[in-house]
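Have a look at the structure below before the remarks.
Residue numbers (the numbering used here), protein chains in the order written: chain A, 282 to 595; chain B, 9 to 294.
Shown next, in the form of structure tokens:
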């Protein structure tokens with residue numbers, strides 16, 4: 282279905298190009314025709330992106346041009362100063378963090394960081410943190426608590442890294458501590474899933490007062506590949522897994538696990554990050570006004586209940 | 009005669025009937041167990057009487073939740089909590105209900121954890137015991153809810169919490185709901201901790217995935233049984249990721265002790281005594 286639509290879109294785009302060229306070279310006024318094709322194209326695009334399958338969303342969430350945490354930080358905040366290291370082992374480039382200002386107010390910003398090309402991705406380990414990444418994030422959150430500034434987290438990881446060093450240095454412990462400490466951090470936290478929200482590695486930046494997902498992002502227990510490998514012993518059935526796992530922003534909104542969906546520009550976040558960043562900025566400003574009005578006790582109570590009530594049983 | 013030296017010997021070839029398989033001795037089903045560690049064939053009853061520990065090499069076999077409670081909690085003191093919580097199918101995952109029913113029949117319990125209040129050498133505590141025979145002890149909504157309620161109960165009653173972990177991780181069939189149980193249980197433990205109350209986590213074979221990355225690793229005191237597999241990622245996943253074989257003893261209790269992630273490895277027969285002492289030493293002066 283998506284393939285068909287893509288083909289149609291491409292055909293129309295080619296036709297449009299041909300019309301424009303013809304109009305230019307022959308000096309014939311084809312504005313009417315061009316406009317008609319443009320309108321049709323727009324309609325088709327809207328239709329296509331409204332009806333993406335979960336697997337298409339997975340691909341969009343992992344799109345090579347999809348904006349990363351640093352892209353959003355650059356567009357939303359001013360004076361970002363990056364801080365490094367967990368003060369214990371090393372600096373993990375898969376998680377970035379620091380302070381920035383939002384309309385003159387100090388904010389702590391933390392995010393998973395994927396690379397924008399292969400070289401960067403090797404440095405960033407494809408956005409898959411080691412324990413020291415989570416410990417850096419926690420250090421910066423504690424710093425935010427001390428200086429009474431809110432924390433904004435951008436979530437974008439396939440999952441916490443699986444490797445010998447990660448296990449030796451306590452991947453499980455690092456994530457667990459973050460979950461516990463975030464649940465009682467004495468300052469407002471907002472988390473936004475901007476691409477992939479993969480497993481405990483994503484949740485370790487996700488215990489927040491407000492949790493949002495970008496329209497075409499995903500949030501899941503495991504990558505669809507991993508899920509298929511565990512349940513069906515066949516990682517190639519990822520597409521099928523994506524279907525049954527319920528990982529899209531609409532699914533999570535319906536489950537009341539996230540607060541809201543942030544709409545993306547037509548064609549995905551990378552088509553117009555400027556507009557998207559503006560709407561995220563507005564959302565953060567509004568939320569912080571609301572969250573900072575609450576006294577600490579009720580803020581923490583609400584955060585506790587937010588996660589406490591999740592679960593389906595009888 | 010001499011000519012015969014260079015003559016090819018004529019052999020008579022006959023086809024030998026395919027060698028019959030050596031009949032394996034017929035062992036009545038379930039009477040004997042081969043020890044996973046020393047390969048000794050052990051009489052099952054001997055193992056059962058020895059708390060499921062191999063009498064030859066000390067290997068700790070997995071133990072179900074009821075057996076564990078019997079071993080740890082003072083007789084007649086265990087009052088079970090929330091035994092009626094039932095699992096639903098939030099993702100409408102194909103055949104999930106059937107799977108749960110099968111597991112119920114197989115294990116005789118309704119979900120992968122039993123929670124309750126009991127005494128250990130007379131000291132009262134909230135005790136949760138996971139059962140890895142029920143869908144690999146995986147944590148879905150019910151497991152998360154039961155653990156959270158147990159910890160909350162302990163916070164209200166100002167009691168210590170002891171959790172015996174045994175889990176393959178999050179319950180895949182409940183997807184994102186399972187993931188969120190990690191945040192939920194960790195939050196409950198944070199509140200318990202803020203009241204100055206004791207939480208002892210006992211890691212048994214296996215403790216992995218989402219359970220390791222939540223309540224298992226949050227104990228004030230973390231104990232493990234010898235040889236227990238404890239880790240975040242499964243060894244198969246790691247091998248596939250890094251494309252190399254994992255070293256011997258990787259992710260075993262001894263490995264974690266060496267790397268500083270657990271307080272002590274304690275043999276099964278000693279665990280009750282140790283827990284009793286720890287509870288006594290943390291007793292609140294009222």
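All C-beta atoms in this analysis are idealised placements derived from N, C-alpha and C, irrespective of residue type, glycine included. All values reported here derive from a predicted model rather than from experimental measurement.
- Between residue 390/A and residue 55/B, the alpha-carbon positions lie close to 55 Å from each other.
- With contacts defined by Cβ atoms closer than 9 Å, residue 470/A and residue 538/A do not form a contacting pair.
- For residue 89/B, the closest Cβ of chain A is not nearer than 9 Å.
- By the CB criterion at 9 Å, residue 208/B and residue 269/B fall outside the cutoff.
- Counting along the chain, residue 232/B sits inside the beta strand (DSSP E) bounded by residues 229-232.
- CA-CA distance, residue 335/A to residue 276/B, rounds to 47 Å.
- For residue 255/B, the number of other beta carbons within 10 angstroms of its own is below 16, and it is reported as exposed.
- Contact between residue 594/A and residue 153/B holds, since their C-beta atoms are separated by about 6 Å, short of 8 Å.
- In the DSSP assignment, residue 335/A falls outside any beta strand (DSSP E) and lies within the alpha helix (DSSP H) extending over 335-342.
- One alpha carbon belongs to residue 477/A, the other to residue 406/A, and they sit about 14 Å apart.
- Here DSSP, grouped into helix, strand and coil, assigns residue 373/A to coil.
- Contact annotation, residue 121/B with residue 137/B: C-beta distance approximately 7 Å; criterion of less than 8 Å satisfied.
- The beta carbon of residue 150/B sits closer than 6 Å to the beta carbons of 93, 95, 119 from its chain, once the five residues preceding and following it are set aside; these are given in chain order.
- For the pair residue 385/A and residue 563/A, the Cα-to-Cα distance works out to about 14 Å.
- Counting along the chain, the unbroken alpha helix (DSSP H) around residue 286/B starts and ends at 276-289.
- Using a Cβ-Cβ cut-off of 9 Å, residue 250/B is close to 443, 444, 445 of chain A, given in chain order.
- With contacts defined by Cβ atoms closer than 9 Å, residue 453/A and residue 221/B form a contacting pair.
- At a cut-off of 9 Å between beta-carbon atoms, residue 481/A makes contact with chain B.
- Residue 196/B has its alpha-carbon roughly 13 Å from the corresponding atom of residue 204/B.
- Distance check between residue 271/B and each of 161/B, 241/B, 227/B places 227/B closest, using alpha-carbon atoms only.
- With respect to the 9 Å criterion, residue 246/B and residue 211/B are not classified as neighbours on the basis of their beta carbons.
- For residue 435/A, there is no enclosing alpha helix (DSSP H); the enclosing beta strand (DSSP E) has its first and last residue at 432-438.
- With a beta-carbon spacing of about 14 Å, residue 448/A and residue 248/B fall beyond the 8 Å limit used to define contacts.
- Within the region 115-173 of chain B, complete beta strand (DSSP E) segments of at least 3 residues are found at 121-128, 131-138, given in chain order.
- With its beta carbon less than 9 Å from one in chain A, residue 98/B belongs to the interface.
- Note that the region 417-431 of chain A touches the region 365-374 of chain A; at least 3 beta-carbon pairs, one per stretch, sit closer than 8 Å.
- With fewer than 16 neighbouring CB atoms inside 10 Å of its own CB, residue 267/B falls in the exposed class.
- Within chain B, the residues 99, 183, 184 have their CB atoms less than 8 Å from the CB of residue 527/A, given in chain order.
- Contact between residue 278/B and residue 68/B fails: their C-beta atoms lie close to 12 Å from each other, not under 8 Å.
- Contact of residue 477/A with chain B by beta-carbon distance below 9 Å is absent, the smallest such distance being about 13 Å.
- The alpha carbon of residue 541/A has as its nearest neighbour, out of 498/A, 583/A, 312/A, the alpha carbon of 498/A.
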